[in-house]
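Below is one structure, written out as structure tokens; comments come after it.
Number of protein chains: 4
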Amino acid sequence: MLFFRNDYGNGAHPAVMEALCKTNLELTEGYGTDPYCQQATDRIRQLCQCPQAQVHFVAGGTQVNKTAIGAFLRPWEAVIAADTGHIQVHESGAIEHNGHRIFTVSASEGKLQPEQIRQLCSALQQEETSPEPKLVYISNTTELGTVYTKAELTALRAECDKWGLYLYCDGARLGAAMAVSDLDFADYAALCHAFTIGGTKNGLLFGEALVITDPLLMPSFRRCMKQQGAMLAKGRLLGVQYAAVLENDLYRKLAQQGADMAKLLTDGLKALQIPMLIQSPSNQIFPILPNTVIEQLKQSVSFEHWSSVSDTHSCIRFVTAWHTTKEEVEALLSLLGELMR
Amino acid sequence: MLFFRNDYGNGAHPAVMEALCKTNLELTEGYGTDPYCQQATDRIRQLCQCPQAQVHFVAGGTQVNKTAIGAFLRPWEAVIAADTGHIQVHESGAIEHNGHRIFTVSASEGKLQPEQIRQLCSALQQEETSPEPKLVYISNTTELGTVYTKAELTALRAECDKWGLYLYCDGARLGAAMAVSDLDFADYAALCHAFTIGGTKNGLLFGEALVITDPLLMPSFRRCMKQQGAMLAKGRLLGVQYAAVLENDLYRKLAQQGADMAKLLTDGLKALQIPMLIQSPSNQIFPILPNTVIEQLKQSVSFEHWSSVSDTHSCIRFVTAWHTTKEEVEALLSLLGELMR
Amino acid sequence: MLFFRNDYGNGAHPAVMEALCKTNLELTEGYGTDPYCQQATDRIRQLCQCPQAQVHFVAGGTQVNKTAIGAFLRPWEAVIAADTGHIQVHESGAIEHNGHRIFTVSASEGKLQPEQIRQLCSALQQEETSPEPKLVYISNTTELGTVYTKAELTALRAECDKWGLYLYCDGARLGAAMAVSDLDFADYAALCHAFTIGGTKNGLLFGEALVITDPLLMPSFRRCMKQQGAMLAKGRLLGVQYAAVLENDLYRKLAQQGADMAKLLTDGLKALQIPMLIQSPSNQIFPILPNTVIEQLKQSVSFEHWSSVSDTHSCIRFVTAWHTTKEEVEALLSLLGELMR
Amino acid sequence: MLFFRNDYGNGAHPAVMEALCKTNLELTEGYGTDPYCQQATDRIRQLCQCPQAQVHFVAGGTQVNKTAIGAFLRPWEAVIAADTGHIQVHESGAIEHNGHRIFTVSASEGKLQPEQIRQLCSALQQEETSPEPKLVYISNTTELGTVYTKAELTALRAECDKWGLYLYCDGARLGAAMAVSDLDFADYAALCHAFTIGGTKNGLLFGEALVITDPLLMPSFRRCMKQQGAMLAKGRLLGVQYAAVLENDLYRKLAQQGADMAKLLTDGLKALQIPMLIQSPSNQIFPILPNTVIEQLKQSVSFEHWSSVSDTHSCIRFVTAWHTTKEEVEALLSLLGELMR
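Residue numbers (our numbering), protein chains in the order written: chain A, 337 to 677; chain B, 337 to 677; chain C, 337 to 677; chain D, 337 to 677.
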């Protein structure tokens, strides 16, 4: 079975697993106060060129979004997000569970535009019978595989500054974005009030590193983590993994492999004249295929059904990752070539 | 440095780590829908003699308490707990963050008495200006190392039934309790509406297995997990670990080692005529020592300061675990013997 | 100054005020346990032909929506509402503050369609990474003055039943709706799981009566009210007012006066060939006027600006109420006639 | 029937009711933006000698406590209160419903001591697995009728300042406290970060005026009120009442009448050698009586059972108010004299 279902279907990269095994029987303090978390924190601050940043390690994506946004906002404050945003679509109402509305704006390609922020804020921010928009949530890459450029992120931040909004970037696939865009760690640190460096989808067993750059958002964050159930007892597991994946540029290399395989696959799909739901430059790819082909494909490929496009055609999602090989992509393309004939 | 600080200072038992390594590069579905979670679920149902139980795997203890109690209660319902309970003392207000009061009752030895439930409920349950007590939280072992017997747990459940209360047992140290009490998995399943089988403190990298036996508490629980950020993307990591630790009675054996070493240490402390804050039969031990001795002990032993007892003496906590060796206990006792001379 | 700004700009109808004055110095029990609340409850049960209904009196509209929806839903459950709904637009995020998402559907005329419920539920109800739609919120009249008919409400309830949804009707303007539709108290009781009979906008100083017809939604509701700060100490103030306004059909007569004046005004506006944003049959009227006329109108009429329609025209809102007189409507029309010339 | 049950059993003082009647048919803006609220605000600022104070009018006591404390605290912050405090005992968990723990300290006479704050904060404020104490809640008079002096309130504030805590005073019975203590409006404004001036129990139909003196607690408070359902549509009802009761020193005079009648009653009870549960100087009085006497008393007096004291005796509560007459007190004492003979 060829696996193109998602980028969290396997375990950790061998180098990460080795680091876990090597340190397994060491005895350290808990809750992230160990030397490995310190080491990983130092490394992230260095990569971000932001020595004063707070860095927190959290096990999962929903957990980090919920904890961060819950800590940053006052009860009457709300989030602005694309209607495709992870917090809107995939987190079972975690943000609302903390008491905050998400104002969604239509984002056919998953990306939020400064103009949309402007419109929403000019309509609502002075309206006392509305929750007050206070935080812009974006994800990079987006849930549709699209990617913000440095110019776009800069424009978003400028718009946020006009309205006193925090800019928060969910980087569950930050590696995938970095592999195909001009934004580096230091850019995120400079442009976002807080952002995450996703580990789960780029080589770790689990883990999201939250980087908080705005000092106003830092106080008592560890209490919030504990209160939200987001503080791991053996916190060093996160430190060990991040330290391993940030060494020797491994984080980038893993993401690059996913991006390269995505490009190979995308090019192949184009050559087969298969239309796409969206032109994604990153490791999520959305081909539109006849339902009959999809049925046959299921026999030997693991992928996700995305949406129905017509009575006869549907969009499916292929995802590549650090472990995807050229052989697997070629096998998939060859199979598709046969089925489409 | 001798490590008696806690039972979550190291990684996983080698057999558990091996299982993680062996399955590391397999590709499975996420969010706990994989075969390993199914296998571990089956095994737990079998051990609990409760084939209809729901089993959910969650990464941490605060997380599972918060998610379960939050899912079980209505907004106006409250928890009854010992004032030493983990949810009261160590979770930064996680239960209140979900909207629920904890009614605490004084528990000098960490254990809740049926009579305390009776008093509280007869005073409050009909009082509409009070939150309504609805769930009894206990931990076994307790935060003070004490242990409920089968007779005691049975009596608690009977009292709960009189008042329509749920009985929830936090089993972060369930193994430690089982090693020194007459309660087995099936007893917990028969007597509790829900309970956890702690992994973090008994051989796993991380993990708490929540067993729900009351069908009323089951609906939509996975949505709650997701909403609370408690659903791990690579959920199989929990399944793999639980399957490994529940094989060949390993879970019990690890707990037994901790219990045996605790007994060795306790006996040795008694022989040295060192008084205890509390007579704990399990793997947490609370000796009272002169502050001068404590200062010297710090040079070569890692332990936790517990409480000040007088101007000259304090209580400290020693914890044994599956990895504690006879040699380590003897070294600790020998050192203490010297220091106390 | 002619007042067409809203229907809560004055105090109480003289008969209601007289009842308050007459009972003012009586000494009764508090928190709604007095004879007047009982009398009003009995009357409402009788009007609703629903002797088993629970009736609760609450001071305000946001308060009753927040308390009821918060009491009815479990943490993972969500509301479906029109995007014009009061809970979405005018309550500062009160529903989300209780932890629940509002799924909004586009409702150009303020009314929710069964088909919209069907689409949303078929997409989301089994989707465990989404909040679970569980309650349909409608208002009658809607925020745009439109009105559900008995056939429409019946169809909505049928759709709700298909999906296991509660149907909740915000009747802040229930009187206004009853004056121009075929729905009577007993129809609301038969078709809704819960609904409110608004007093604030129809003759009372303040007050919304919540009628709960579904026994599943009744337990512990008074605790919820207290917890939400929605239980008035001198609860009898609500009972006295409702008893007064429900006597001699006064509630209907007041609403009828508002409706009659609205019709007079609407007909007059049509005669002046003034276009409307929406064809509202009830006491909220939305004429579109040149901005220059609006500016002049402000000198002698109190009304609300609704929305900008073009560079030169805007929509404003006129509201009639029980205290609106024929003379006032004629004066307004006459003034408009002059300004539009 | 003699009424000594509570101080909210009747309606409004005639002067207040007259003001409501007089303005009843006026047409004003809603939600507290009317001239009467402005007038009452100005008067309160003047009485408080605090021109920069924010003043908000809210219908009920639980509502104002819930709204204010919910607005002031961050998610991880907690309240310190006496275990007899209204928020702990009479509000059905409203504070926890907003997500905040209440740390209670034992207060046999209802009053919190600076030393108790010190102990709790020194134990908890740096403890990251605990909610962070951030606000001290007191009530004056307390729920047991006791009263803080200026020296005591000053000492509490000094202790709060040491720990960075807000001092919040629930003044549901502020009038009763002012009648028997040396604290005036301006003292509360100088010593508390926020406090309430209770109207419900001192001459109004309903109403609590919240005075916020700390600028940090002011932003977006009206949004919070709306979100909590605490903003009255016809907000002027509160302004009209407060304007009326603050005119000609009426607020003080009403409270003084309650205090005078309480003194008369207390002196009479002492003359009858009836013991008290607590020496209350204010309008709540707690005599201990034989159960047989209590049973007979019920025939002609309305009062509240407070607590069981022994097998044969219980404590009951008498409350005086602005409407209590000398004749009523004498009739009560005379009856008690007979029954105790």
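Don't be surprised by glycine CBs; every beta carbon is placed ideally from N, CA and C.
Item	Value
8 Å CB neighbourhood of D:Glu488 in its chain, flanking five on each side removed	Lys447
Cut-off 7 Å between Cβ atoms - residues of its own chain near D:Ser466, not counting five sequence neighbours on either side	Leu460
Residues bridged to A:Gly534 (per DSSP)	A:Glu544
Contact list for A:Trp412 against chain C, beta-carbon separation under 9 Å	Ser428, Gly429 and His433
A:Leu668: first and last residue of the uninterrupted alpha helix (DSSP H) it sits in	Lys662 to Met676
Same chain, Cβ closer than 6 Å to B:Leu383, five either side skipped, listed in chain order	Phe521
Integer-rounded CB distance, given that B:Gly594 should sit under 8 Å from B:Ala513	Contact flag wrong, Cβ pair sits at about 11 Å.
Segments of 3+ residues assigned as beta strand (DSSP E) that fall wholly inside the segment 452-485 of chain C	468-475
B:Arg437 and B:Ala404 closer than 7 Å at C-beta	no
Bridge partners - D:Ser442, DSSP secondary structure assignment	DSSP lists no partner for D:Ser442.
Whole-Å CB distance - D:Ala351 paired with D:Val576, under 8 Å assumed	Rounded, the Cβ-Cβ distance is 11 Å, inconsistent with contact.
Short Cβ contact (7 Å threshold) for B:Phe622 with B:Leu633	no
Nearest candidate by alpha-carbon position, reference B:Asn619, set B:Asn476, B:Glu495 and B:Asp497	B:Asn476
Segment contact flag, the segment 587-606 of chain C with the segment 655-664 of chain C, C-beta cutoff 8 Å, min 3 pairs	yes
Same chain, Cβ closer than 7 Å to C:Ala667, five either side skipped, listed in chain order	Leu338
C:Leu553, enclosing beta strand (DSSP E) - first and last residue	Run containing C:Leu553: none; DSSP gives neither H nor E here.
Spatially closest choice to B:Arg379 from B:Val581, B:Asn627, B:Ile624 and B:Leu552, by CA coordinates	B:Val581
C-beta atoms of B:His433 and D:Gly429 nearer than 7 Å	no
Stretch-stretch touch, CB-based, cutoff 8 Å, three pairs: the segment 491-499 of chain B with the segment 643-650 of chain B	no
Residue burial classification, D:Gly673 (beta-carbon count within 10 angstroms, cutoff 16)	exposed
Supposed close pair B:Asn360, A:Ala348 - CB separation, criterion 8 Å	6 Å
Proximal chain A residues relative to C:Ala464, where beta-carbon distance stays under 9 Å	In the sequence as displayed, the identity of residue 464 of chain C is Glu instead of Ala. Residues of chain A passing the Cβ test: Ser428.
Rounded C-alpha distance that separates D:Arg410 from A:Val391	21 Å
Whole-angstrom distance between C:Ala443 and C:Glu451, CA atom to CA atom	12 Å
A:Tyr372 versus A:Thr364: straight-line alpha-carbon distance, rounded	9 Å
Sheet register partners of C:Val506 (DSSP bridge)	The sequence shown places Asp at residue 506 of chain C, not Val. Looking at the DSSP assignment, C:Asp506 forms a beta bridge with C:Ser475.
Alpha helix (DSSP H) segment containing D:Glu354, residue limits	Pro350 to Lys358
Amino acids of chain A, ordered along the chain, whose beta-carbon sits closer than 8 Å to that of B:Ala407	Per Cβ cutoff of 8 Å: no residues; B:Ala407 is ~11 Å from chain A at best.
Listed by chain order, chain A residues near C:Pro467 by CB distance under 8 Å	Ser428, Gly429 and Glu432
Residue-chain proximity (B:Lys562, chain C), Cβ-Cβ < 7 Å	yes
CB contact check: D:Arg558 to chain A, cutoff 7 Å	yes
8 Å Cβ shell around A:Gln462 - same chain, five flanking residues per side excluded	none
Status (buried if at least 16 other CB within 10 Å, exposed otherwise) for C:Pro551	exposed
Boundaries of the beta strand (DSSP E) in which D:Val645 is found, first to last residue	Premise fails: D:Val645 is in no beta strand (DSSP E) and is neither H nor E.
Cα-Cα separation between C:Thr648 and D:Ala376, rounded to whole angstroms	41 Å
Classification of A:Arg454 by the beta-carbon crowding that lies within 10 angstroms, buried from 16 upward	exposed
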